[in-house]
Amino acid sequence: MAQVHWKTEAQRQAQGIRRRVLEHSLKNDGGYMSQACSSAELLAVLYHRVLRLGPLAKPLMPRPFPGVPSPHNPGYFLGNDFHGPTSDQHDRFILSPTHYSLVLYAALIEAGRLAPEGLLEFNKDGSSVEMIGAEHSPGMEVMTGSLGQGLSQGVGMALGRKLKGATGRVVVMMSDGEFQIGMTWEAVQFMAHHRLDNVLVFVDANQQQCDGLVSSVMTIEPLEQRLKAFGARVAVVDGHDLGALARPASLRPNGKPLFVIARTDPCHGLELLRRNAPRLHYLRFKGPDDKQAYQQVLGAWNEEGN
């Protein structure tokens, strides 16, 4: 019964992520909708089942932008306070593709870590709830965009933790397009060389990037075989199957970094979005009728949730 319960709650959270991102997109005439559709289950499983985070007494409100880090800026802070008190036993989470920030904020709300009204601060002047999140944004502690930088930063953290004997892992979420970048492969080699089996990487393999299909820009396949050739341990799963997403995180470490390639659909749960293919990177409404069609979908989702 316990397993059924966690999957039920995680699925509720996944649908809540999609609903919040669609609601936000309608209010703001656009948003990163395909990323929410592809990664909702992944993020729900991470926050509900995989990540070992410190507890929070209640959801937090985001603080205003503290200014750039400096010895003369004592008020500077990182966004990882939304992950609760940290210790060597807790996991650290790195979001590498920071255009997923809106989706991450929705996931934090669903996980009870970010106050829902905090999303109203999105992309406002003076707000830490940035459209392309930075190290002070909710749920973040490093600046990872441009793409491809999050894995390398996570690997540095993992090596430090390994040297200290810390038991907490470093969990990195990536997008598949980041495997077109040389820095990514250098990081994989580094992890394999240093036997960093305290790194767990989840890849939202939705086959999309800003210019269309990943395969049309520069193919990354066969990704599983390439990662194995670089010394990684790899699991390929259905990215919308909650149990399949959670299972690899319980594997016993074997001296190799673990990559979970989550094969996902960028229109999962929102068939209306498919008519925008192959350009799905950012949802822009084509006119009043198009926006009304999405409004009707949101209305149906809200009724289902009541």
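Going by our numbering, the sequence shown opens with residue 13, and the numbers climb by one from there.
Even glycine gets a Cβ: it sits at the ideal position worked out from N, Cα and C.
Treat the numbers as computed from the prediction; the structure is a model and nothing was measured.
query	result
Could you give the distance in angstroms between the alpha-carbon of V99 and the alpha-carbon of V154?	For the record, residue 99 in the displayed sequence is Ser; it is not Val. About 17 Å.
Which partner residues does G157 have in the DSSP bridge list?	Answer by DSSP bridge pairing: none, since G157 is not bridged.
Comparing C-alpha positions only, which one of Q23, K268, Q27 sits nearest to W313?	Q27
Just the C-alpha distance for M13 and Q23, rounded to the nearest angstrom, thanks.	Any reading at M13 needs caution, since the residue's pLDDT is 44, under 50, leaving its predicted position unreliable; the model's value is listed next. Rounded to the nearest angstrom, the two C-alpha atoms are 15 Å apart.
Excluding the five sequence neighbours on either side, which residues of its own chain have a C-beta within less than 6 Å of the C-beta of F271, listed in chain order?	V213, L239, A244, V246
Whole-angstrom Cβ separation of F65 and D103, contact assumed at under 8 Å?	Position check: residue 65 holds Leu in this sequence, whereas Phe was assumed. Right, the Cβ-Cβ distance comes to about 6 Å (below 8 Å), so this counts as a contact.
Based on Cα-Cα distance, which residue from H252, L68, S149 lies nearest to G346?	This structure leaves residue 346 out entirely; the chain is present only between 13 and 318.
Once the 5 residues before and after G189 are set aside, which same chain residues still bring their CB inside 6 Å of it?	Q221, V226
Which term fits V229, buried or exposed, when burial requires 16 or more other beta carbons within 10 angstroms of its beta carbon?	exposed
Return the bridge partner residues of M186 from the DSSP annotation.	V215
State the Cα-Cα distance for the pair D302 and G43, rounded to the nearest angstrom.	14 Å
Between the Cα of I144 and the Cα atoms of S262, Y112, Q165, which residue gives the shortest distance?	Y112
Pick out whichever of V167, D223, A217 has its Cα sitting closest to the Cα of P234.	A217
Can you tell me which of M45, L58, Q308 puts its alpha carbon nearest to the alpha carbon of Q25?	L58
Taking 6 Å as the limit between beta carbons, can you name the residues of its chain near G96, skipping five residues before and five after?	L65, G66, P67, L68
Does the CB of R104 have a neighbour CB from chain B at under 9 Å?	Protein chain content of the structure displayed is limited to a single chain, and chain B is not contained in it.
Under 9 Å between the Cβ atoms of R321 and L254?	In this structure the chain extends from 13 to 318, so residue 321 is not present and cannot be described.
Leaving out the 5 sequence neighbours to the left and right, which residues in its chain are closer than 7 Å to S164 when beta-carbon positions are compared?	M195, A199
Over the uninterrupted alpha helix (DSSP H) stretch that includes R173, give me the two end residues.	162-176
Just list the residues that DSSP pairs F271 with in beta bridges.	V213, V246
In chain order, what residues of the same chain lie with their CB nearer than 7 Å to the CB of A261, ignoring the 5 residues before and after it?	V62, L212
Buried or exposed: N92, going by 16 or more other Cβ atoms within 10 Å of its Cβ?	buried
Taking DSSP's pairing of strands, which residues face R104 in a bridge?	V182
Can you have a look at D209 and say buried or exposed, based on whether 16 or more other CB atoms are within 10 angstroms of its CB?	buried
For E315, is the classification buried or exposed, using 16 other Cβ atoms within 10 angstroms of its Cβ as the cut-off for buried?	exposed
State the Cα-Cα distance for the pair G299 and L38, rounded to the nearest angstrom.	12 Å
Mind checking R31: buried by the 16 CB within 10 Å criterion, or exposed?	buried
Helix, strand or coil for G320, going by three-state DSSP, please let me know.	Beyond the ends of the chain as shown, which are 13 and 318, falls residue 320; an answer cannot be given.
Confirm, please, whether the CB-CB distance from M45 to E285 is below 9 Å.	Looking at the sequence provided, one finds Leu at residue 285 rather than Glu. In contact: L285 and M45 (Cβ atoms closer than 9 Å).
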